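Notes follow once the structure below has been shown.
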Amino acid sequence: MNISLCIYTNCTFHNSSEINLIKTSFNSFNKVFDINNFEERIIFLDKNPNIKNYNLYYNLLKEFFSQYNFQIITTNCLAEGFLYSIKNLSSKFVFQMEHDWIFIEENIK
Numbered sequence: 243m244n245i246s247l248c249i250y251t252n253c254t255f256h257n258s259s260e261i262n263l264i265k266t267s268f269n270s271f272n273k274v275f276d277i278n279n280f281e282e283r284i285i286f287l288d289k290n291p292n293i294k295n296y297n298l299y300y301n302l303l304k305e306f307f308s309q310y311n312f313q314i315i316t317t318n319c320l321a322e323g324f325l326y327s328i329k330n331l332s333s334k335f336v337f338q339m340e341h342d343w344i345f346i347e348e349n350i351k
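In the numbering used here, each residue's number is its place in the sequence shown (first place is 1) plus 242.
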């Protein structure tokens, strides 16, 4: 398949000291769509608004998502990542996903 997966996240006060939310979202996505169908896999990480937790959040994301061959790109805002994905990805299609989505297999046809 000629498709990329982009996941967007940011360092909030609630999610930047652990990655349970994005892991739950990703695992639900992977269960339904199988990550192996996606050629490019990128996490766009907006370091705002909780910049002091950026390094921690980045390292937690890197540790977990490296097993799935994700690239992590740091941005200054979420829109910067969207723009990057539209202009720079080589795939024909891009699946744009936020870090707090949940995919329920029986609801997806």
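Quick reminder that beta carbons are idealized off the backbone N, C-alpha and C, glycines included.
A quick note: this is a predicted structure, and the numbers were derived from the prediction, not measured.
| Query | Result |
| --- | --- |
| Are the Cβ atoms of Tyr310 and Ser258 separated by less than 8 Å? | no |
| So, Lys265 versus Phe306, is the Cβ gap smaller than 8 Å? | yes |
| Please look up how many angstroms separate the CB atoms of Leu302 and Glu260, rounded, as I've assumed it's under 8 Å. | 7 Å |
| To the nearest angstrom, how far is the alpha carbon of Lys294 from that of Thr251? | 15 Å |
| By Cβ distance, which residues of its chain are closer than 8 Å to Thr254, with the 5 residues on each side in sequence left out? | Pro291, Asn292 |
| Counting C-beta neighbours from all protein chains within 10 Å, is the total for Phe312 16 or more, i.e. buried, or is it exposed? | buried |
| Apart from the five residues just before and just after Thr317, which ones in its own chain have a Cβ nearer than 6 Å to its Cβ? | Phe286, Asp288, Gly323 |
| What residue range does the beta strand (DSSP E) around Ile245 cover? | 245-253 |
| Report all residues from its chain with a CB closer than 8 Å to the CB of Ile245; omit the five preceding and five following residues, and keep chain order. | Asn279, Phe280, Glu281, Ser333, Lys334, Phe335, Val336, Phe337 |
| What residue range does the alpha helix (DSSP H) around Ile264 cover? | 262-275 |
| Can you tell me which residues form a DSSP beta bridge with Leu303? | None, per the DSSP bridge assignment. |
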